[in-house]
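If you count by our numbering, then the sequence shown holds residues 2 to 356, one letter each, in order.
Heads up, the beta-carbon is just placed ideally off N, CA and C, and yes, glycines get one too.
Computed from a prediction, not measured in an experiment: that's the story for all the values here.
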Amino acid sequence: MNIAALTNHVFTPSSRYRIRQFIEPLKKHNVIVKDFQRKYSSQIVHSGRTRIRRSPYLLYKAIQQECLNLANTFLRVKRANDFDAMWLSRQLIIGYPSIEFMISKPLIYDIDDAIFLTSSLADKQVKRVTNRADLVFAQNSYIADYLSKYNDSIHIVPTVVDTNLFTPVEEVSKIFQDENDIVTIGWSGTSSSYQYFCLLEDVFIKILLKYKNTKLVFVSDRPPYELKKLYNFVEFIEWAPEIDASTIQNFDIGIMPINNDDWCKGKGAYKMLLYASCGIPVVASSVGENKIILDSASIGIGVLNTDDWYFSLEELIIDSKARSELGANGRKYVVENRNLSSWTKNISRLMIEGL
Numbered sequence: 002m003n004i005a006a007l008t009n010h011v012f013t014p015s016s017r018y019r020i021r022q023f024i025e026p027l028k029k030h031n032v033i034v035k036d037f038q039r040k041y042s043s044q045i046v047h048s049g050r051t052r053i054r055r056s057p058y059l060l061y062k063a064i065q066q067e068c069l070n071l072a073n074t075f076l077r078v079k080r081a082n083d084f085d086a087m088w089l090s091r092q093l094i095i096g097y098p099s100i101e102f103m104i105s106k107p108l109i110y111d112i113d114d115a116i117f118l119t120s121s122l123a124d125k126q127v128k129r130v131t132n133r134a135d136l137v138f139a140q141n142s143y144i145a146d147y148l149s150k151y152n153d154s155i156h157i158v159p160t161v162v163d164t165n166l167f168t169p170v171e172e173v174s175k176i177f178q179d180e181n182d183i184v185t186i187g188w189s190g191t192s193s194s195y196q197y198f199c200l201l202e203d204v205f206i207k208i209l210l211k212y213k214n215t216k217l218v219f220v221s222d223r224p225p226y227e228l229k230k231l232y233n234f235v236e237f238i239e240w241a242p243e244i245d246a247s248t249i250q251n252f253d254i255g256i257m258p259i260n261n262d263d264w265c266k267g268k269g270a271y272k273m274l275l276y277a278s279c280g281i282p283v284v285a286s287s288v289g290e291n292k293i294i295l296d297s298a299s300i301g302i303g304v305l306n307t308d309d310w311y312f313s314l315e316e317l318i319i320d321s322k323a324r325s326e327l328g329a330n331g332r333k334y335v336v337e338n339r340n341l342s343s344w345t346k347n348i349s350r351l352m353i354e355g356l
């Protein structure tokens with residue numbers, strides 16, 4: 002079976018982890034995937050500091066990018082129609098219905114966020130594609146339940162981890178740390194998630210000032226300019242594919258704050274799972290998929306408020322043995338439940354039987 006994947010930018014996590022990492026292992030199951038990546042979009046223009054609508058130059062560039070995006074997407078769909086089936090990541094054009102009607106081959110629709118909540122146009126787009134799809138791969142039960150009104154062939158396919166790449170680093174210092182060794186609190190993600198730190202700035206500053214042997218590392222596409230208080234306390238590392246695993250392996254505690262809202266209930270727990278796969282204990286907001294995993298496996302500490310964040314971080318900073326035990330549990334959980342190899346078999350079976 003030859004499948005054309007219509008994916009987002011090379012730097013987009015959803016396409017990288019939900020489609021591209023399957024391309025090579027799917028070959029062993031006689032499923033050949035050709036990736037047609039998005040080359041243009043107004044997202045590229047976003048500076049992180051200036052809103053596009055406030056800058057005539059950025060607005061012009063955004064409109065230019067969107068026109069190129071429409072033209073390029075037309076060509077991508079046209080070429081994809083020569084394959085046996087299509088595998089669409091999230092949206093053809095971000096935010097609104099466009100040329101979905103051009104899709105003439107069996108369609109696998111992959112959706113990993115509650116993008117139907119972002120606007121009425123996005124909701125219309127998601128419903129249209131879901132109704133058209135032959136298979137729908139939904140990140141979790143929250144998304145699957147919403148889409149089930151529009152399609153009967155919906156399967157929960159969580160974002161999974163290449164456990165051969167994201168592996169623990171066995172260091173004596175990480176197991177038997179003394180009180181003077183540096184404890185790295187780490188976060189890895191896209192800059193759009195900086196918003197989840199806004200109410201936690203004081204908590205992290207308090208921790209960093211009290212425990213001089215701690216440091217806070219952010220791995221992302223840009224520094225956290227919007228976190229005015231915390232900015233000078235953060236050690237920033239620019240994300241790149243070749244250091245994706247190694248940066249996480251250098252964490253001692255992995256963090257994943259999110260809000261308790263419908264958007265975040267649609268999220269997977271992927272950051273948390275990457276940490277866990279590397280044997281790193283997690284402190285994460287106990288919401289949605291995070292809560293489900295934290296309730297079922299002792300891989301870290303679930304938190305609900307600022308006090309929880311402070312005391313949970315403090316507990317793991319002080320207790321290196323607890324960090325080691327939770328990290329080992331996390332690695333075991335990911336290998337047994339969310340590893341790439343097992344889910345490649347599941348996905349290939351769904352494709353072959355469902356298309």
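- Counting C-beta pairs closer than 8 Å gives fewer than three between the stretch 256 to 269 and the stretch 226 to 246, which falls short of the contact rule.
- Beta-bridge partners assigned by DSSP to G303: A285.
- Within the same chain, and ignoring the five residues on either side of K216 in sequence, the residues whose Cβ sits closer than 8 Å to its Cβ are I183, V184, T185, I186, L209, E236.
- Put simply, of V11, R39, I348 the residue whose alpha carbon is nearest the alpha carbon of E67 is R39.
- Residue environment: L305 is assigned as exposed (fewer than 16 neighbouring CB atoms within 10 Å of its CB, all protein chains considered).
- Non-local beta-carbon contacts of L166 in its own chain, meaning distances under 6 Å to residues more than five positions away in sequence, involve A246 in chain order.
- DSSP links E236 through a beta bridge to V218.
- In this structure D296 is exposed. Its beta-carbon is surrounded by fewer than 16 other beta-carbon atoms within 10 angstroms.
- Considering only L356, N347, Q92, the residue with the shortest C-alpha distance to L27 is N347.
- In the structure shown, K62 adopts helical secondary structure according to DSSP, grouped into three states.
- If you ignore the 5 residues before and after I249, its C-beta comes within less than 8 Å of the C-beta of F167, G187, S189, V220, G255, L275, Y276, C279, I281, all in its own chain and listed in chain order.
- Pairing K79 with M103, the inter-Cα distance amounts to about 8 Å.
- With a cutoff of 8 Å on beta-carbon distance, S105 and N82 are scored as near each other.
- Counting the other CB atoms within 10 Å of its CB gives L76 a total below 16, which places it among the exposed residues.
- About 6 Å separates the CB atoms of I157 and A139; that is less than 8 Å, so the two are in contact.
- Judged by DSSP secondary structure, L7 falls within the beta strand (DSSP E) whose first and last residues are 3 to 8.
- Cβ contact annotation for Y271 (same chain, cutoff 6 Å, sequence separation greater than five): T160, in chain order.
- Counting only residues of its own chain and dropping the five nearest sequence neighbours on each side, S120 has a CB closer than 7 Å to the CB of G96.
- For F37, the uninterrupted beta strand (DSSP E) segment begins and ends at 33 to 38.
- For V162, the secondary structure class from DSSP, reduced to helix, strand or coil, is strand.
- Rounded to the nearest angstrom, the Cβ distance from G301 to L327 is 5 Å, consistent with a contact under 8 Å.
- Counting along the chain, the unbroken beta strand (DSSP E) around M87 starts and ends at 86 to 90.
- Selection L118, F117, V127 evaluated against I109 yields V127 as nearest (Cα-Cα).
- Bounds of the beta strand (DSSP E) holding T185 are 184 to 189.
- Comparing C-alpha distances from D163 to each of R91, Y61, I24, V204 shows the shortest one belongs to I24.
- Annotation for N70: Y41, S42 place their beta carbon closer than 6 Å to its own, counting only its chain and skipping 5 residues before and after.
- Taking 8 Å as the cut-off, the beta carbon of I144 is found closer than this to the beta carbon of I112.
- Excluding residues up to 5 positions away in sequence, R17, Q38 lie with their Cβ nearer than 8 Å to the Cβ of V11 in the same chain.
- Under a 10 Å Cβ-count criterion, D253 is classified as buried, with 16 or more other Cβ atoms of the shown protein chains found around its own Cβ.
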